[in-house]
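Counting from 1, position 3 in the sequence shown corresponds to residue 3 in full-length UniProt numbering; the numbering is continuous, with no gaps. Just below is one structure, and these are the notes that go with it.
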Amino acid sequence: MNGRYAAATDVRHEFSKIETTHGEDPARFLQANKELVFARIAGIRDLELLEAWRAVERQITDGGRPEVLDALDERKAELTSENLESPRTAARNRGAA
Numbered sequence: 001m002n003g004r005y006a007a008a009t010d011v012r013h014e015f016s017k018i019e020t021t022h023g024e025d026p027a028r029f030l031q032a033n034k035e036l037v038f039a040r041i042a043g044i045r046d047l048e049l050l051e052a053w054r055a056v057e058r059q060i061t062d063g064g065r066p067e068v069l070d071a072l073d074e075r076k077a078e079l080t081s082e083n084l085e086s087p088r089t090a091a092r093n094r095g096a097a
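This is the structure in C-alpha cells:
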C-alpha cells in the first residue's frame with residue numbers, strides 16, 4: 001500500500017465536529033503518510049487545534065504513535081514560547097527590531 005487512503009479496503013475515521021469547529025479534520029492528515037503529518041503539525045498555529053490533533057491521534061492509533069505525539073509536544077512548546085514573547089521581543093528575535 002502506498003500510504004494513501006483506499007476507499008475499497010480501508011476505513012477512514014472522520015471527526016466532523018472538529019472539522020466544523022476548526023475547519024479541518026485531523027484524521028484526514030493523521031491517516032496519510034508521515035511526511036504530510038509532520039509538515040501539517042509544523043504549520044499549526046492554534047493551540048486548540050493542536051490539542052484536537054492529539055486527541056484524534058490517540059483515538060485512531062490506540063494511544064498514539066510516539067513520534068507523532070513528540071512532534072505535537074514540540075509544536076506546542078514552540079507556540080507557547082511565541083505567545084509568551086512581547087511583540088517587541090518577537091520582532092527583535094526575528095531581526096526586525
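Quick reminder that beta carbons are idealized off the backbone N, C-alpha and C, glycines included.
For I60, the enclosing alpha helix (DSSP H) covers residues 47-60. If you draw a straight line from the Cα of R28 to the Cα of V37, it is about 9 angstroms long.
With respect to the 9 angstroms criterion, L47 and K76 are classified as neighbours on the basis of their beta carbons. Taking R54 as the centre and dropping the five residues before and after it, the same chain places the C-beta of L72 closer than 6 angstroms to its C-beta, in chain order. Under the DSSP assignment, I41 falls in the alpha helix (DSSP H) whose first and last residues are 34-43.
With 16 or more neighbouring CB atoms inside 10 Å of its own CB, E57 falls in the buried class. Within the same chain, Cβ atoms closer than 8 angstroms to the Cβ of I60 are found at H13, A27, L30, Q31, the five residues on either side in sequence being excluded. Its chain contains L47 as the residues whose beta carbon lies nearer than 8 angstroms to that of T80, once the 5 sequence neighbours on both sides are disregarded; these appear in chain order. A straight line joining the alpha-carbon of I41 with that of E82 spans about 16 angstroms.
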